[in-house]
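Presented below is the structure to which this report refers.
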Amino acid sequence: LVYTDGWLMILRDEPLADAETSLLPTEDGKPSTWTQQPNLKFNAMFQRGLPKGILIVGDAGPAADKSVKQAAKEQLAQLDGVGSLSLKASESSTQYPPFFVISSELADNLLEPSGNSIEELRAQIGESVTPVVFAVPDVVVSSTLSNGGDELGTENVLALVEGSDPVLKNEVVLISSHYDHIGLASGSKDGDTVNNGADDDGSGTVALLEIAEAFMRAKEDGHGPRRSILFVNFTGEEKGLLGSAYFADVEPTVALENIVSVLNIDMIGRADPTHTGDSDQYVYIIGSNLISKELHEINVGVNDVTGIGLDLNERFNSKDDPNRFYARSDQWNFGKHNIPFIFFFTGTHEDYHQPGDEAHKILYDRMADISRLIFGTAWQLANQDERPELSGTGFN
359 LVYTDGWLMI LRDEPLADAE TSLLPTEDGK PSTWTQQPNL KFNAMFQRGL
409 PKGILIVGDA GPAADKSVKQ AAKEQLAQLD GVGSLSLKAS ESSTQYPPFF
459 VISSELADNL LEPSGNSIEE LRAQIGESVT PVVFAVPDVV VSSTLSNGGD
509 ELGTENVLAL VEGSDPVLKN EVVLISSHYD HIGLASGSKD GDTVNNGADD
559 DGSGTVALLE IAEAFMRAKE DGHGPRRSIL FVNFTGEEKG LLGSAYFADV
609 EPTVALENIV SVLNIDMIGR ADPTHTGDSD QYVYIIGSNL ISKELHEINV
659 GVNDVTGIGL DLNERFNSKD DPNRFYARSD QWNFGKHNIP FIFFFTGTHE
709 DYHQPGDEAH KILYDRMADI SRLIFGTAWQ LANQDERPEL SGTGFN
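All the letters of the sequence shown, read from the start, carry residue numbers 359 to 754 under my numbering.
Now the structure itself:
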């Protein structure tokens, strides 16, 4: 279905039995990121077409514990003075539709000509676990938006270790992380308001610096890589992958066809709830064999031959993963252009986007092992004769 002829009304959450239990077949039975990250719904929707506008019913369902008005007041209180950000639009940029969060009361008034109510529709969707689609007759919705805001400047931070081969040095292996985080919070239970971002993505930023130093030392010792290595600390990842989108879609520092592979490092410092104690010697591998089996085999080979011996876990390595982690960090802006990538990630945890994401909780030895793995994979990519071939099912 392509929704292009009118406004679209959607419920805030996924089908839920209660606030902690999803009716979808999630791995742990809890609500998926479709509930936690509304942008996932928008992305899926926009792939099918752009409606004239979107109405989100914000106070329906068991997870809705406050009114739309109260939720809006709290969200406004948490803004850090920046609010939402986007890349400066060009005349050819896609203009996305407006969206509004509305109450069930207003939604019921709009739905009245159809004979439906929000509670009845929510129950029907929960029972069938399928969408309910219908047109509402004799209702006209319109909006007037005033687009404004300030233009802010920021930077991606790049460094290049130039390759030693006179031909291959024009190709690059791109290693990335992001150096931004989410700023101040409204407060935690102990009154802390600073979101430190030690894992997200301090861990990736530090790993990138250590890997860059190792490559530079190799070059200074006369054993530098044949291909160039481009290290990029992206900005604006938390605001919608903006730094990598600018690099890939607006002003590539390196021509995209010259990028051999992307190794993205985002959150490699902690263990998620499924890995504790002796089971924390792992890293999630996302991308790899779904876009290049050869890239996958290189990474596995480095892990085995060097004796690093991490569990290269592919739990989230699927286009059908409801979390869609493959598209939620900077590697995606290259993957969508069919550039092979691996996203190195150790999962979310209780301090994700919270003031508790602090440096003393980082698993430094395991983080060092992951960094060595990334270095070894990048070294092989930079020195082999041919770039890794595209294969697998891809993400497009």
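We treat Cβ as the ideally placed atom computed from N, Cα and C, and that holds for glycine. Computed from a predicted model, the values in this text were never measured in an experiment.
- The C-beta of Phe674 has 16 or more other C-beta atoms within 10 Å across all chains shown, which makes the residue buried.
- Listed in chain order, the non-local C-beta contacts of Ala429 below 7 Å within the same chain comprise Gly416, local neighbours out to five positions each way being set aside.
- In the three-state scheme derived from DSSP, where H, G and I count as helix and E and B as strand, Met574 is classed as helix.
- Contact between the stretch 627 to 635 and the stretch 567 to 582 is absent: fewer than 3 CB-CB pairs across the two stretches fall below 8 Å.
- The beta carbon of Ala717 sits closer than 8 Å to the beta carbons of Asn554, Ala556, Gly560 from its chain, once the five residues preceding and following it are set aside; these are given in chain order.
- The C-alpha of Pro524 is placed about 20 Å away from the C-alpha of Arg575.
- Leu510 counts as exposed, since fewer than 16 other beta carbons sit within 10 angstroms of its beta carbon.
- CA-to-CA, the gap between Gly693 and Pro610 works out to about 14 Å.
- Cβ neighbours of Ser462 within its own chain (closer than 7 Å, five residues either side excluded): Val415, Asp417, Ala418, Ile476.
- Of all C-beta pairs linking the stretch 663 to 682 to the stretch 604 to 621, fewer than three are shorter than 8 Å, placing the two stretches out of contact.
- The shortest C-alpha to C-alpha distance from Leu469 to any of Phe457, Thr488, Pro455, Val499 is the one to Val499.
- Annotated as distal: Thr563 and Ser534, with beta-carbon spacing of 7 Å or more.
- Note that the stretch 736 to 747 touches the stretch 638 to 653; at least 3 beta-carbon pairs, one per stretch, sit closer than 8 Å.
- In the assembly as shown, Phe702 is a buried residue. Its beta-carbon has 16 or more other beta-carbons within 10 Å.
- Going by DSSP, Ala375 is part of the beta strand (DSSP E) stretching over 374 to 376.
- CA-CA distance, Gly635 to Pro409, rounds to 48 Å.
- Remark: fewer than three beta-carbon pairs, one from each stretch, lie closer than 8 Å, so the stretch 713 to 730 and the stretch 512 to 530 are not flagged as touching.
- Going by C-alpha positions, Pro583 is about 30 Å away from Ile720.
- Residue state for His695 is assigned as coil, using DSSP reduced to three classes.
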